[in-house]
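Before any comments, here is the structure.
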Amino acid sequence: MPGTVPPDMDCDVVEEEVASTSNGAVFTINNKVAANKNTNDRKRQRIDKCNLPINVDISDLSKRLSSHNPSDQNKYGILGVLADMDIEGTPPVKKTKIPAEDGAKKPVKTKWCPPIFVFNVNIKTLIDKLKDSIPPGTFKIKNINKNKSKIYFSDPTVHLSMMSILRDKNIHSYSFTPKELKQVSLVLRGLYGNYDDDYVKSELDQIAPNTVANVTRFKTKMSIKKQLDTGLYLVSLLPGKTLGDISHINEFEYTTIWWEKPKKKDNDIQCHRCQRWGHISRNCNSAYKCVKCDQEHGPGECKRNPSDSSSPYCSNCEEFGHPANFKGCPMYKKYATARQQHQKKITEVKNQAISNIKEALRPSVVLPGTSFASMLRTPPSAKTHQKHTPSKPKVIEEFLKLVNVFLQPEELSLEEEVDVFLSNYNTMTKVEAKSEFLRLLNKVKSTYGP
0 MPGTVPPDMD
10 CDVVEEEVAS
20 TSNGAVFTIN
30 NKVAANKNTN
40 DRKRQRIDKC
50 NLPINVDISD
60 LSKRLSSHNP
70 SDQNKYGILG
80 VLADMDIEGT
90 PPVKKTKIPA
100 EDGAKKPVKT
110 KWCPPIFVFN
120 VNIKTLIDKL
130 KDSIPPGTFK
140 IKNINKNKSK
150 IYFSDPTVHL
160 SMMSILRDKN
170 IHSYSFTPKE
180 LKQVSLVLRG
190 LYGNYDDDYV
200 KSELDQIAPN
210 TVANVTRFKT
220 KMSIKKQLDT
230 GLYLVSLLPG
240 KTLGDISHIN
250 EFEYTTIWWE
260 KPKKKDNDIQ
270 CHRCQRWGHI
280 SRNCNSAYKC
290 VKCDQEHGPG
300 ECKRNPSDSS
310 SPYCSNCEEF
320 GHPANFKGCP
330 MYKKYATARQ
340 QHQKKITEVK
350 NQAISNIKEA
360 LRPSVVLPGT
370 SFASMLRTPP
380 SAKTHQKHTP
390 SKPKVIEEFL
400 KLVNVFLQPE
410 ELSLEEEVDV
420 FLSNYNTMTK
430 VEAKSEFLRL
440 LNKVKSTYGP
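Residue numbers (numbering that gives the first Met the number 0): 0 to 449.
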């Protein structure tokens with residue numbers, strides 16, 4: 000067919016329908032075909048030239064370079080020597096990527112569960128048993144001293160199984176709850192009516208299935224004594240669930256309810272099993288120790304008479320004179336100091352990270368009337384980095400005077416504070432209610448007299 004192009008160049012051919020007759024459609028090749036064919040021929044010639052050897056006469060090049068006089072008027076005349084070289088056949092240099100090796104992947108950082116602290120265990124025997132039971136690379140051990148070691152597992156399920164085995168074998172150990180298995184607890188407020196715990200849970204399960212673990216009515220000593228309904232329920236969610244999974248429930252039995260996070264009064268955690276600080280009894284496999292005497296027994300089994308005038312025994316410092324939960328104990332002070340140092344270190348790292356981000360996002364300051372030379376001659380000072388701020392117009396100054404008027408917090412009157420207390424003291428603990436009552440009583444006496 001006239002005007003046919005090679006198969007590898009048929010993408011440049013443009014056809015269009017120009018006419019149709021009674022004998023059928025007639026298709027012709029557009030006038031651009033001829034121009035496209037010439038272009039494709041030139042492309043093919045350039046590709047063929049890439050396979051030709053480089054045609055450069057080295058002897059002529061060296062002769063012309065040696066005859067060049069540097070004192071000539073044209074200092075760049077030597078470049079003409081290189082311009083006369085026949086480098087038409089030189090193939091273009093292409094950058095090629097070296098393919099990565101098959102199966103080569105970026106190493107993934109292993110996430111470890113909280114450590115399990117074990118005491119007085121033959122580590123070599125333990126490692127041999129773990130190697131036979133779980134795959135390598137899923138656990139590691141760090142020895143703190145001769146009698147104390149830490150075991151890490153990458154799988155939370157294996158972590159729980161190991162804790163169960165240690166508990167069955169009565170091995171002194173303790174750990175912490177893995178992040179994947181932690182339960183979130185929330186306070187449900189505004190639900191008055193003395194609803195049963197199971198009924199509240201069943202109703203919540205219908206609205207948000209597979210979310211709630213258990214429900215417990217919130218009670219205080221005052222509410223039990225006076226048989227008052229606090230309208231509060233402690234709702235524990237299943238592991239992995241958060242406030243966002245249940246916060247959409249804002250009505251229960253045609254009553255408006257709302258959710259709050261429990262208030263943490265004391266961050267110092269003490270185990271009620273071994274009486275040590277820093278972990279809870281649910282994650283402890285150690286033997287029971289009494290908080291007041293030197294015997295090893297469970298809670299509620301102490302035979303020490305409350306009227307006994309003898310000094311209690313502390314199982315932490317192993318001395319008589321105070322119970323195990325006494326915060327004047329030397330062991331507690333040691334724990335509190337270590338905890339404060341740890342929190343301080345975390346805060347410093349966090350503040351440093353925030354400072355680095357702010358410094359990276361801070362725009363460069365351009366000082367008017369200052370040159371680069373003067374900046375290099377004079378060492379930087381605190382004034383150099385101060386940002387130039389324009390003077391405030393009178394309108395802005397008048398506006399800023401209203402800050403104290405609108406942003407000053409409004410204080411309740413004494414009558415309003417008493418009214419709030421009378422409405423809410425039933426929901427307070429006995430200690431909180433007494434403290435608030437005494438504070439208001441002093442204000443009433445100072446205002447209205449005794």
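Backbone N, C-alpha and C fix where the C-beta goes; we use that ideal spot for every residue, glycine too.
Using a Cβ distance threshold of 8 Å, residue 278 and residue 175 count as a contacting pair.
The three-state reading of DSSP puts residue 447 in helix, counting H, G and I together.
A Cβ-Cβ contact shorter than 8 Å links residue 232 with residue 214. According to the DSSP assignment, residue 160 belongs to the alpha helix (DSSP H) that extends over 155-167. For the pair of segments examined, the segment 220-228 was found not to touch the segment 282-292: the number of CB pairs separated by less than 8 Å stays below three.
Rounded to the nearest whole angstrom, the CA to CA distance from residue 189 to residue 252 is 11 Å. For residue 212, the secondary structure class from DSSP, reduced to helix, strand or coil, is strand. Nearest neighbour of residue 412 by Cα position, chosen from 177, 358, 446, turns out to be 446.
Per DSSP, the beta bridge partners of residue 188 are 257. Shown here for residue 328: same chain residues with a beta carbon closer than 8 Å to its own, the five before and five after excluded, namely 313, 315, 316, 321 in chain order. Where residue 350 is concerned, the enclosing alpha helix (DSSP H) starts and stops at 329-360. For residue 398, the three-state secondary structure derived from DSSP is helix. Going by DSSP, residue 142 is part of the beta strand (DSSP E) stretching over 138-142. For residue 128, the three-state secondary structure derived from DSSP is helix.
With fewer than three CB-CB distances shorter than 8 Å, the segment 201-221 does not count as touching the segment 144-152.
One Cα belongs to residue 261, the other to residue 123, and the distance between them is close to 44 Å. For residue 239, the closest alpha carbon among the candidates 183, 307, 309, 269 is that of 183.
Between residue 211 and residue 186, the C-beta spacing is not below 8 Å. Setting aside the 5 residues that flank it on each side, residue 244 is surrounded in the same chain by 210, each with a C-beta closer than 6 Å to its C-beta; the list follows chain order.
Here the C-alpha atom of residue 110 lies approximately 16 Å from the C-alpha atom of residue 133.
Inter-residue distance for residue 193 and residue 112 is about 41 Å (C-alpha atoms, whole angstroms).
Under the DSSP definition of a beta bridge, residue 235 partners with 184, 213.
In the assembly as shown, residue 115 is a buried residue. Its beta-carbon has 16 or more other beta-carbons within 10 Å. Looking at 341, 302, 173, 161, the one whose alpha-carbon comes closest to that of residue 128 is 161.
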